[in-house]
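Scroll down for the structure; my scribbles are underneath it.
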Amino acid sequence: MSVVLNFKSHISELFAHALREVAPDQVGATILIERPKQASHGDYACNLAMQLAKPLKKSPRDIAQVLINALPKSDVIEKVEIAGAGFINLFITKAAKQAIVHAVLHAGAGYGHLHLGGGRKVQVEFVSANPTGPLHVGHGRGAAVGDCLCNVLHAAGWNVTREFYYNDAGAQIENLMRSVQLRCKGVTPDDPSWPEAGYRGDYIGDVARAYMACETVEADDQRTTGKGDVDDVVAIRHFAVAYLRREQDLDLRAFNVEFDVFSLESALYSEGKVDETVSRLIASGHTYEQDDALWLRTTDFGDDKDRVMRKSDGGYTYFVPDVAYHLDKWRRGFVRVINEQGADHHSTITRVRAGLQALDVGIPKGWPDYVLHQMVTVLKNGEEVKISKRAGSYVTLRDLIDEVGCDATRYFLAARHPDSQLVFDIDLAKSKSNDNPVYYIQYAHARISTVLDIWGGERLELLQADVGLLDSEYETALLQQLIDYPQVIENAAQDLAPHLVAFYLKDLAAAFHSYYNASRFLVDDEAVKCARLALIAAAAQVMNNGLSLLGVSAPEKM
RNA sequence: GUGCCCAUAGCUCAACCGGAUAGAGCACCAGCCUUCUAAGCUGGGGGUUACAGGUUCGAUUCCUGUUGGGCACACCA
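The first sequence lines up with residues 34 to 591 when you count with the working numbering.
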């Protein structure tokens, strides 16, 4: 019997065939195969007959019967039923389900890898914090969601580039430099002369101390040494950015997030890309001068008002280098770009897209894609935490990692739909109890590791297992979970929704825990033992694969 | 005032792009360890999917409006 790995697409093909036969003029109909919520409705269901009822002017149940008669033979299908208003319910044979065990064990870490992306390039830009302070919780959410999204896209067959863009030019850097300079001179934020917009966190003092002590920091493949000269604003600026870039890098490393490319706003200026973009926009005819400023008519492209490009003081507004940056991405061959950002930046989307359209260089209208995550609030002892010692006005990512660990932080920040506001409950994330989903999943993995350890046999033996012995309701449920995994990857990649992986893993762990409590694995009957161990080894493999997408470890012991 | 996001069990959240009886966990109640990890499992109660309309065979899902919460609305970034 041939092994079918993706029942959904297999069944979909069967129906496509039947549709061509039964209603050749309706081949445009979308064939949707779904998993019914109720087991009595089969393993998969198709609603095609109901869709066709109107155009064919026949009752759905009649059409369903005709479709079923035209379905090609398939040895993975046990039976087909018509139910309800005209649903076609399909039942998969036990043997086909059981075969998943060997499929998983053979594929190993590759199980769940798909070819949806076809090796095409996609760039995901995320975090992109300004180098003006430690990363905060919001950046943490961006890092967790973005990194997990990259992993999911990679698993789905995309060639992923992770990119971090940092604004090392512009007003906020001047502000940073001035704040550090003041600290160098001994002025502190509680001084009345401290600028309203100045940065007040303790870390500014650290930067100042390091600069005055002529320390050397390494960041972005460069070594920068403090000059100790309080009047050299260029040196202070350079050092402060390098110092904070290094600090952010360390935070990211502690969070197990790595980037392939760092892009600098300042480079867009020094390489002439900003000027070129401005020239192109002027040439495009979408700009005009007014009040000593240069404007882009973004209203031509759906914005609610036009935007200033060049201020009356001669400087460019933020969105100009942003457009230049995205033009650069396009030219680097990224036909697909996804920007993961905090929702507080959503207003830039229209502007950037408008700017790119105005360039008229063939960039598609909706390019690039965006994933916006909503705000994070941090809770401890039932109360909102708003400050940290180091940063002052916000909770840092480092605080969370130090307090609850990398695994739990990543899990909680990635396990929610990005569109929903997130409450990060520190007490929950720290709790080593069954209300903590991270431990729940990891515990399942550790239990399997222990059982396999006690067994002590060679993994290769499991490949010989007679999986036909896996027949209980618990085993069937677990088999079904393993079968569903690739579909989860597909959905997560398509919807840019990495949280689906987190929910899936909870379900997978639940199916295993139930099985564990209901059955013994290390039984006397060699064949049964082997079959059961093969199944849980496969489950552990999928847990491993899924957890690695989340960037969460899969411990052998707990 | 305008735009974007959200609203589902007491709490935290799901629901496979419109499907069949809306699901988990926590909390509450009642059970399960001389057995491979009880950080686990089994059972129970708990819902007008914020509200009001609309679209159709069928709506938590799509459309309109209302209410409530968040975010953004600079010649800031």
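Note that CB positions come from ideal geometry on N, CA and C, so glycine has one too.
Neighbour-count burial assignment, residue i, 16 or more Cβ in a 10 Å radius
| i | result |
| --- | --- |
| Leu503 | buried |
| Tyr321 | exposed |
| Glu373 | buried |
| Glu298 | buried |
| Asp284 | buried |
| Arg492 | exposed |
| Lys362 | buried |
| Asn550 | exposed |
| Glu508 | buried |
| Ala560 | exposed |
| Ala391 | buried |
| Asp517 | buried |
| Asn414 | exposed |
| Met210 | buried |
| Ile420 | exposed |
| Lys41 | buried |
CB of residue i within 7 Å of CB of residue j, strictly
| i | j | result |
| --- | --- | --- |
| Cys79 | Ile121 | yes |
| Val428 | Val418 | yes |
| Ala128 | Ala51 | no |
| Pro164 | Val274 | yes |
| Met576 | His450 | no |
| Ala573 | Ile481 | yes |
| Val213 | Ile269 | yes |
| Asn578 | Gly145 | yes |
| Ile64 | Ala49 | yes |
| Leu455 | Val409 | yes |
| Leu329 | Arg340 | yes |
| Val521 | Leu533 | yes |
| Val240 | Tyr276 | yes |
| Leu538 | Val404 | no |
| Ala387 | Asp336 | yes |
| Val500 | Val60 | no |
| Pro588 | Gln475 | yes |
| Pro105 | Leu47 | yes |
| Val567 | Ala498 | One point to set straight first is that residue 567 is Ala, not Val, in the sequence displayed. Their beta carbons are under 7 Å apart, which means Ala567 touches Ala498 by this criterion. |
| Asp180 | Val294 | no |
| Gly123 | Val113 | A small fix is needed here, since residue 123 is Leu in this sequence, not Gly. Cβ atoms of Leu123 and Val113: closer than 7 Å. |
| Leu412 | Asp458 | yes |
| Phe272 | Gly259 | yes |
| Ala316 | Ser345 | no |
| Lys218 | Val160 | no |
| Leu593 | Ile382 | Since the displayed the chain opens at 34 and closes at 591, residue 593 lies outside it and no answer follows. |
| Glu358 | Leu301 | Sequence check: residue 358 is Tyr here, not Glu. Yes. |
| Ala526 | Ala448 | no |
Host alpha helix (DSSP H) of residue i (start-end)
| i | result |
| --- | --- |
| Thr383 | 380 to 392 |
| Thr483 | 470 to 488 |
| Lys362 | 352 to 364 |
| Ile101 | 93 to 103 |
| Asn372 | Taken as a continuous stretch (DSSP letters only), Asn372 belongs to no alpha helix (DSSP H), being part of the beta strand (DSSP E) at 369 to 375. |
| Val29 | Here the chain covers residues 34 to 591 and nothing more, so residue 29 does not appear. |
| Gln131 | 127 to 140 |
| Arg211 | 204 to 217 |
| Tyr444 | 439 to 447 |
| Gln514 | 506 to 528 |
Segment limits, beta strand (DSSP E) that includes residue i
| i | result |
| --- | --- |
| Val456 | 455 to 458 |
| Ala78 | 77 to 79 |
| Asp402 | 402 to 406 |
| Gln156 | 154 to 158 |
| Glu298 | Here Glu298 belongs to no beta strand (DSSP E); instead the alpha helix (DSSP H) covers 298 to 303. |
| Gly584 | From DSSP, Gly584 is part of no beta strand (DSSP E); its letter is neither H nor E. |
| Lys41 | No beta strand (DSSP E) contains Lys41, which is instead part of the alpha helix (DSSP H) from 40 to 55. |
| Ala326 | 326 to 329 |
| Gln255 | 255 to 258 |
| Val341 | 340 to 343 |
| Asn491 | In the sequence on display, residue 491 carries Glu and not Asn. It is not in any beta strand (DSSP E) - Glu491 carries neither H nor E in the DSSP assignment. |
Nearest-angstrom beta carbon gap, residue j and residue i [assumed within contact, 8 Å]
| i | j | result |
| --- | --- | --- |
| Pro519 | Leu38 | 7 Å |
| Val651 | Val307 | Given a span of 34 to 591 for the chain in the structure shown, any question on residue 651 remains unanswerable. |
| Ala118 | Gln84 | Wrong, their Cβ atoms sit about 12 Å apart, outside the cutoff. |
| Gly425 | Arg278 | Going by Cβ atoms, the distance from Gly425 to Arg278 rounds to 20 Å, so no, they are not a contact pair. |
query = Quick check: the stretch 153 to 165 against the stretch 182 to 196, are there 3 or more CB pairs under 8 Å?
reply = yes
message = Contact between the stretch 91 to 99 and the stretch 63 to 78 is defined here as three or more beta-carbon pairs at a separation below 8 Å; is this criterion met?
response = no
inquiry  = For the structure I just gave you, are there three or more beta carbon pairs, one from the stretch 184 to 191 and one from the stretch 572 to 585, closer than 8 Å?
reply    = yes
inquiry  = With three or more C-beta pairs closer than 8 Å as the rule, is the stretch 197 to 204 touching the stretch 127 to 145?
reply    = no
task = State whether the stretch 134 to 142 contacts the stretch 240 to 249, with contact taken as three or more CB pairs (one from each stretch) at a distance under 8 Å.
result = no
query = Do three or more CB pairs link the stretch 168 to 175 to the stretch 204 to 222 at distances below 8 Å?
reply = no
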